[in-house]
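K.L.:
Numbering-wise, the sequence shown is residues -19 to -1, 1 to 598 according to mature numbering (1 follows the signal peptide of the UniProt record, and there is no 0).
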Amino acid sequence: MTRSFFTFLTAIFSIGLLAQNKTDYWQQHVDYTMNVDMDVKTFQYTGTQTLVYTNNSPDELKRVYFHLYFNAFQPGSEMDIRLQTIADPDNRMTTPDKKSRIALLTDSEIGYLHATSLTQDGSKVSFSEEGTVLVVDLAKPIAAGTKSTFNMEFEGQVPLQIRRSGRNSEEGVALSMSQWYPKLAEYDFEGWHADPYIAREFQGVWGDFDVKLTIDKTYTVGGTGYLQNPNEIGHGYETPGTKIKKQKGKTLTWHFKAPMVHDFMWAADPEYIHDIQQVPNGPVLHFLYKDDAKLVENWKKLQPKTIEAMQFFSKNIGTYPYDQYSVIQGGDGGMEYAMSTLITGNRKFGSLVGVMVHEMAHSWFQHILATNEAKHEWMDEGFTSFISKLCMSEIMDYEKENPFESTYKGYRNLALSGKEQPQGTYADRYALNFAYGISAYSKGSIFLSQLGYVIGQDKLMETIRQYYEEFKFKHPIPNDIKRVAEKVSGFELDWYLTDWTQTTNTIDYGIKKVAVSENNTKVTLERIGLMPMPLDILVVYNDGTRETFYAPLRMMRGEKENPYDGVKRTVINDWAWAYPSYDFEINKPMSSIQAIVIDPSQLMADVNLENNIWQAE
């Protein structure tokens, strides 16, 4: 990366903060400088960290918190106990007989991360470990609008690969280094978010990272950030035609810088193949995967699809702001990180593309639009699932007719199971992984696809692009996407956000009765579920012609445009939610009607589709 680009990104962020301050929006900032030594034989590492913390809040801070994620991978940890007590534990983290793999770790296999010394502006501070959180009582309060510098020495051990991070994965990857460093917790308008690492995902403070990693010189490293010394390191990073000098000693020191990110991941293996591709008018793509004959063909075929995915997301959400993105074999499935992802690589080609597409989409919905995943996981996983489905439909020609059919099926299974909890549930508080997964991924995705039904597909895509422009490099909350949609559409949508995300109210509309009304046809609809919606009603006549009727929802205070080009639409009276039934007339005899259908798009998440269709006998 050029210095000018680094300056450009920093300038954009600074301008953004100034604009936010005018409306009392603020967010904290961190600058990390770390030097790390990794022993690839013991999987232990030591490091130093200088962290400059800028308190942009209006509050004086007397305490700060750091995450020590690797401490979760120890027998008796909160993660271990939750794994042993939840009714449907994650099978990646359990043995075939459903025992916790964490509980079985030996001292040489566990993970740990400890601060061995810590000062604030040169003065020692009092600190204590509480599981995966380091509690730090400050030597001197950090006043609003000021900075403080923390210097820390730390030591860690990489756990056996169990969840996201770890060593020696099932596919033989040596090091998947995510959640590996002491990471300052986020403080925002709600206060501190020093959440313990139990199961779910993460939130971080925006900042700049400067990381030097010393490791066995046979290992190839990839991940977050731009390599600052490529012609010294080699390993495929060097300028084409450069001859790499033979390094003395057994190690190399890799120097990375990452501007304006809220996490830093790296992976390393002595058998990585390293390929590079250039996205036209876009970032450089790095691919690191095991030198395994079973994998190479699919990983080569993956590369042009990755270019297509990058172009799709940049077009439909907003331009990817960094000069680099890395797709790396590692981890335990697929997991997103700043400027990069870890994915398992031993997959069929379609699955490999699918996991790449989903994790890359997270670069927008989480690593640029940085929602708090512990509180609003549906905004991260759901929005990513939505745009990933559209991307796969385009670049892989999958599910062209209805990319979201399986998403709606999954949601209905949850809604009718009696086990649903509101989407506002804290991510670790779901009673079942089943309920969490469908709520976050499927119901979160439907929030957008169904919003398109409510306001119109064009307005939905305009909303997504505008949301990105307004909230990139920020921490948006649910009200932010709702307000953008209101401004784009002109509709009132508080009812939609409230019912869909804060309750388990369901949508259930039905055709109650169709009867002769003189020379016309009277249709009686009923609202059975508690959640309100506007209705599109399709009428199919015996002669093959069709028309639609649109019943706006009164509390929406607006009407969407006709979504069916070339089909006549009649806008009928508003339906006020409190009325359980609603009548309208079709100005044609009942004998001419073949069928009446509520929501022919099937983008409304009605939990009972059987009563949505009336057919002539």
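Beta carbons are placed, not taken as given, at the ideal position from N, Cα and C, and that holds for glycine.
Predicted model only: the values in this text are computed from it and were never measured.
Would you list the residues sitting across from Thr551 in a DSSP beta bridge?
P.N.:
Paired residue(s): Phe530.
K.L.:
Please report how far the alpha carbon of Asn593 lies from the alpha carbon of Asn500, in whole angstroms.
P.N.:
Rounded to the nearest angstrom, the two C-alpha atoms are 24 angstroms apart.
K.L.:
Please list the terminal residues of the continuous beta strand (DSSP E) segment that includes Met508.
P.N.:
The question names Met, but residue 508 in the sequence shown is Arg. 501 to 508 is the extent of the beta strand (DSSP E) around Arg508.
K.L.:
Quick one: what does DSSP say Val588 is sitting in, helix, strand or coil?
P.N.:
Coil at Val588, not helix or strand.
K.L.:
Are the beta-carbon atoms of Met291 and Gly315 separated by less than 9 angstroms?
P.N.:
Their beta carbons are not under 9 angstroms apart, which means Met291 does not touch Gly315 by this criterion.
K.L.:
Using C-beta distances below 6 angstroms, list every residue in its chain close to Asp244, excluding the 5 sequence neighbours before and after it, in chain order.
P.N.:
These residues qualify, in order along the chain: Gly185, Tyr318, Ala319.
K.L.:
Tell me where the beta strand (DSSP E) around Met512 begins and ends.
P.N.:
From DSSP, Met512 is part of no beta strand (DSSP E); its letter is neither H nor E.
K.L.:
With a threshold of 7 angstroms on Cβ separation, who are the neighbours of Gln228 within its own chain once the five nearest residues in sequence on each side are excluded?
P.N.:
Same-chain partners within the cutoff: Lys198.
K.L.:
By alpha-carbon positions, which one of Gly326, Ala274, Gly263 ends up nearest to Leu283?
P.N.:
When only C-alpha atoms are compared, the closest one is Gly326.
K.L.:
Along the alpha helix (DSSP H) that carries Arg63, what are the first and last residues, could you check?
P.N.:
Taken as a continuous stretch (DSSP letters only), the alpha helix (DSSP H) holding Arg63 covers 59 to 66.
K.L.:
Residues in its own chain within less than 7 angstroms of Asp40 by CB, not counting five upstream and five downstream?
P.N.:
Cβ within range, chain order: Ala125.
K.L.:
Please list the terminal residues of the continuous beta strand (DSSP E) segment that includes Val260.
P.N.:
Counting along the chain, Val260 falls outside any beta strand (DSSP E), and DSSP gives it neither H nor E.
K.L.:
Nearest-angstrom Cα distance between Val497 and Trp558?
P.N.:
Near 26 angstroms, if we compare the C-alpha coordinates of Trp558 and Val497.
K.L.:
From which residue to which residue does the beta strand (DSSP E) around Thr195 run?
P.N.:
Counting along the chain, the beta strand (DSSP E) containing Thr195 begins and ends at 188 to 197.
K.L.:
Since I believe Thr232 is in contact with Thr195 (beta carbons under 8 angstroms), could you give me their beta-carbon distance rounded to a whole number of angstroms?
P.N.:
About 5 angstroms; that satisfies the 8 angstroms criterion.
K.L.:
Sort Val469, Lys455, Ala53 by Cα distance to Gln447 and report the nearest one.
P.N.:
Out of Val469, Lys455, Ala53, Val469 has the C-alpha closest to the C-alpha of Gln447.
K.L.:
Do the stretch 520 to 531 and the stretch 565 to 584 meet, that is, are 3 or more Cβ pairs less than 8 angstroms apart?
P.N.:
Flag = yes, the stretch 520 to 531 and the stretch 565 to 584 touch.
K.L.:
Over what stretch of residues does the beta strand (DSSP E) that includes Val106 continue unbroken?
P.N.:
No beta strand (DSSP E) holds Val106; DSSP gives it neither H nor E.
K.L.:
Below 8 angstroms, can you find three or more Cβ-Cβ pairs linking the stretch 341 to 356 to the stretch 382 to 392?
P.N.:
No contact exists between the stretch 341 to 356 and the stretch 382 to 392.
K.L.:
Taking all protein chains shown into account, decide if Arg410 is buried (16 or more other Cβ within 10 angstroms of its Cβ) or exposed.
P.N.:
The residue in question, Arg410, is exposed, as its Cβ has fewer than 16 Cβ neighbours within 10 Å.
K.L.:
Have a look at Leu350, Tyr13, Lys22 and flag the residue whose alpha-carbon is nearest the alpha-carbon of residue 605.
P.N.:
Since the first residue shown for the chain is -19 and the last is 598, residue 605 is missing from the structure and cannot be characterised.
K.L.:
Excluding five sequence neighbours on each side, which residues of the same chain lie with their C-beta closer than 6 angstroms to the C-beta of Asp191?
P.N.:
The answer, listed in chain order, is Thr14, Lys238.
K.L.:
When the Cα atoms are used, what is the spatial distance from Lys541 to Gly437?
P.N.:
Roughly 6 angstroms separates the two Cα atoms.
K.L.:
Determine the contact status of Phe47 and Val106, defining contact as a CB-CB distance below 9 angstroms.
P.N.:
The answer is no: Cβ separation not under 9 angstroms.
K.L.:
Roughly how many whole angstroms lie between the Cα atoms of Tyr563 and Lys493?
P.N.:
For Tyr563 and Lys493, the distance between alpha carbons rounds to 10 angstroms.
K.L.:
Are residue 599 and Leu269 touching if we call contact CB-CB under 9 angstroms?
P.N.:
Nothing in the structure corresponds to residue 599, since the chain is present only between -19 and 598.
K.L.:
Tell me Arg148's beta-bridge partners as DSSP assigns them.
P.N.:
Bridge partners of Arg148: Leu141, Leu156.
K.L.:
Assuming Gly92 and Asn52 are in contact, meaning their beta carbons sit under 8 angstroms apart, how far apart are those beta carbons, in whole angstroms?
P.N.:
Going by Cβ atoms, the distance from Gly92 to Asn52 rounds to 7 angstroms, so yes, they are a contact pair.
K.L.:
Below 9 angstroms between beta carbons: does that hold for Trp556 and Arg535?
P.N.:
Closer than 9 angstroms, so yes.
K.L.:
Counting C-beta neighbours from all protein chains within 10 Å, is the total for Ala274 16 or more, i.e. buried, or is it exposed?
P.N.:
With fewer than 16 Cβ atoms within 10 Å of its Cβ, Ala274 is classed as exposed.
K.L.:
Using only the alpha-carbon positions, how far apart do Thr587 and Trp476 sit?
P.N.:
It is worth fixing the name first, because residue 587 is Asp in this sequence and not Thr. Looking at the two C-alpha atoms, the distance is approximately 16 angstroms.
K.L.:
Rank Asp169, Asp439, Ser369, Ser332 by C-alpha distance to the C-alpha of Gly7 and give the top, closest one.
P.N.:
Correcting the residue identity first, residue 7 is Trp in this sequence and not Gly. Closest option to Trp7, Cα to Cα, is Asp169.
K.L.:
Looking at the structure shown, is Gln402 part of a helix, part of a strand, or coil, going by DSSP?
P.N.:
Three-state DSSP puts Gln402 in coil, outside helix and strand.
K.L.:
Whole angstroms are fine: how far does the CA of Tyr407 sit from the CA of Pro459?
P.N.:
Going by the C-alpha atoms only, they are around 14 angstroms apart.
K.L.:
Can you check which of these residues, Asp546, Lys463, Lys569, Gly547, is closest to Val504 by C-alpha distance?
P.N.:
For Val504, the nearest C-alpha among the options comes from Lys569.
K.L.:
Specify, as a first and last residue, the run of the beta strand (DSSP E) that Pro384 falls within.
P.N.:
It is not in any beta strand (DSSP E) - Pro384 carries neither H nor E in the DSSP assignment.
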